Amino acid sequence: MYDPVGALQPGTYAGFAEVQVLPPQGMIVVRGDLSDGALQSAVTAAVPLAMPGQTGASFENGRGIFWMSPDELLLMCPYAEVAGHVDSIGKALAGTHHLVADISDARAVFAVDGVDAREVLGKLTPADLAPSVFGPGSFRRTRLAQVPAAVLCETDNRFVLVCFRSVAGYVHELLKTAAIPGSEVGYWRD
Amino acid sequence: MLILTCPYCGIEADETELSPGGEAHLKRFGPGSTDEAFETYLFHRENPKGVHFERWRHAMGCGKWFHAARCTVTLEVFGTYSAQVTEPPAEIREKITTKRPGWSWRGIE
Numbered sequence: 000m001y002d003p004v005g006a007l008q009p010g011t012y013a014g015f016a017e018v019q020v021l022p023p024q025g026m027i028v029v030r031g032d033l034s035d036g037a038l039q040s041a042v043t044a045a046v047p048l049a050m051p052g053q054t055g056a057s058f059e060n061g062r063g064i065f066w067m068s069p070d071e072l073l074l075m076c077p078y079a080e081v082a083g084h085v086d087s088i089g090k091a092l093a094g095t096h097h098l099v100a101d102i103s104d105a106r107a108v109f110a111v112d113g114v115d116a117r118e119v120l121g122k123l124t125p126a127d128l129a130p131s132v133f134g135p136g137s138f139r140r141t142r143l144a145q146v147p148a149a150v151l152c153e154t155d156n157r158f159v160l161v162c163f164r165s166v167a168g169y170v171h172e173l174l175k176t177a178a179i180p181g182s183e184v185g186y187w188r189d
Numbered sequence: 000m001l002i003l004t005c006p007y008c009g010i011e012a013d014e015t016e017l018s019p020g021g022e023a024h025l026k027r028f029g030p031g032s033t034d035e036a037f038e039t040y041l042f043h044r045e046n047p048k049g050v051h052f053e054r055w056r057h058a059m060g061c062g063k064w065f066h067a068a069r070c071t072v073t074l075e076v077f078g079t080y081s082a083q084v085t086e087p088p089a090e091i092r093e094k095i096t097t098k099r100p101g102w103s104w105r106g107i108e
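So the sequences go chain by chain: A and B. Numbering of the first sequence is given in numbering that gives the first Met the number 0, commencing with residue 0 and proceeding in unit increments. Numbering of the second sequence is given in numbering that gives the first Met the number 0, commencing with residue 0 and proceeding in unit increments.
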């Protein structure tokens, strides 16, 4: 067995909000008919959380189910469990039109943490990040400057981002630049 | 700035999260068709001042294609609807009629 190596070394940049490169995270893409009971039970057996609705997300302690599109889910779990879950979901859905793939090494994961974390993202995405619209538990796919990314609002002060591994360096630079101390906008401050 | 609601995921997507797909409801004329029909299919496009129908793709999001009906003068969006149709649904057409009485687009009204 080998140790997984992400696109970037895990670490922290201390801006006006903290930009964290998270260690490799187990991720599985599941595509198919999301209204199908067999698919739902296979997914929730692998990640024991509630099935999310449209644009929804359920997550807890490093595990999660994220609604990516009308026929696509993203599952998060510890890196070492991925192969087992891909296998079990694949077996449960055998014979139906579906896709299950391990994409852990094809993505990069970041977190932006701090009172002004929302400010950092607000500079980079056209999505409406107003706390009343994008509060804790919200999930949305959007863009960060020029590249697509998925954004999860974990708490009011912490956001988790998932992007393609090939643009990890670009996204890291973006986040660090947007978080340079002194560049706060203060738009969402009370 | 144009904001369109993706009918597949319900997200209010900014223009920059979408990819434009040109005019909607084109009928394809391929091999075997007359030169004239092929030319029309390939090159002749509407350029209306007013009601227009377009294809868009939610590229930085769910990735689905959809249709949008909007006004090219005011940028007012009348609605978005599924890609799996060959003409605007009655509901969208009614909505446009109440706002732009007498409109027509490529023979549709």
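Quick reminder that beta carbons are idealized off the backbone N, C-alpha and C, glycines included. Remember, predicted model here, so these are calculated numbers, not experimental data.
Rounding to the nearest angstrom, what Cα-Cα distance links residue i and residue j in this structure?
i                      : j                      : result
residue 184 of chain A : residue 118 of chain A : 7 Å
residue 182 of chain A : residue 137 of chain A : 26 Å
residue 36 of chain B  : residue 45 of chain B  : 16 Å
residue 115 of chain A : residue 124 of chain A : 15 Å
residue 28 of chain A  : residue 14 of chain B  : 27 Å
residue 24 of chain B  : residue 85 of chain B  : 5 Å
residue 154 of chain A : residue 130 of chain A : 10 Å
residue 60 of chain B  : residue 142 of chain A : 8 Å
residue 105 of chain A : residue 105 of chain B : 45 Å
residue 179 of chain A : residue 12 of chain A  : 9 Å
residue 174 of chain A : residue 5 of chain A   : 17 Å
residue 22 of chain A  : residue 20 of chain B  : 38 Å
residue 109 of chain B : residue 93 of chain B  : Coverage of chain B is limited to positions 0 through 108, which leaves residue 109 of chain B absent and any answer about it impossible.
residue 96 of chain B  : residue 102 of chain B : 7 Å
residue 150 of chain A : residue 110 of chain A : 9 Å
residue 133 of chain A : residue 152 of chain A : 7 Å
residue 66 of chain A  : residue 34 of chain B  : 46 Å
residue 49 of chain A  : residue 56 of chain A  : 9 Å
Could you give the first and the last residue of the continuous beta strand (DSSP E) run that contains residue i?
i                      : result
residue 66 of chain B  : 64-70
residue 63 of chain A  : 62-68
residue 36 of chain A  : Where residue 36 of chain A is concerned, there is no enclosing beta strand (DSSP E), although the alpha helix (DSSP H) it sits in stretches over 36-45.
residue 2 of chain B   : 2-4
residue 17 of chain A  : 17-20
residue 26 of chain A  : 25-30
residue 157 of chain A : 157-163
residue 57 of chain A  : 56-59
residue 13 of chain A  : 10-13
residue 79 of chain B  : 76-80
Starting from the beta carbon of residue i, find every residue of chain A whose beta carbon is closer than 9 Å, and list them in chain order.
i                     : result
residue 15 of chain B : 125 and 142
Quick one: which chain A residues come within Cβ less than 8 Å of residue i?
i                     : result
residue 63 of chain B : 68 and 69
Under 7 Å between beta-carbons, which chain B residues line up against residue i? List them in chain order, please.
i                      : result
residue 226 of chain A : What is shown of chain A runs 0 to 189, which leaves residue 226 of chain A out entirely.
Which stretch, first to last residue, makes up the alpha helix (DSSP H) that contains residue i?
i                      : result
residue 90 of chain B  : 89-98
residue 170 of chain A : 167-177
Quiz item: Where are the beta strand (DSSP E) runs, 3 residues long or more, that stay fully inside the segment 13-54 of chain B, in chain order?
Solution: Runs of the beta strand (DSSP E) inside the segment 13-54 of chain B: 18-22.
Exercise. Report the residue ranges of all beta strand (DSSP E) runs contained in full by the segment 85-155 of chain A; include only those spanning at least 3 residues, in chain order.
Key: Fully enclosed beta strand (DSSP E) runs of 3 or longer: 98-101, 106-112, 138-143 and 146-154.
Practice problem: Using a Cβ-Cβ cut-off of less than 7 Å, give me the residues of the segment 97-119 of chain A that come near chain B, in sequence order. | Solution: Listed by position along the chain: nothing, the set is empty.
Practice problem: Select from the segment 139-163 of chain A all residues with a C-beta closer than 7 Å to any C-beta belonging to chain B, and list them in chain order. | Solution: If the cut-off is 7 Å between Cβ atoms, the segment 139-163 of chain A has 139, 140, 141, 142 and 147 near chain B.
Practice problem: Could you run through the segment 53-77 of chain B and flag, in chain order, every residue whose CB is less than 8 Å away from some CB of chain A? | Solution: Those residues of the segment 53-77 of chain B that come within reach of chain A (Cβ to Cβ, closer than 8 Å) are 58, 59, 60, 61, 62 and 63.
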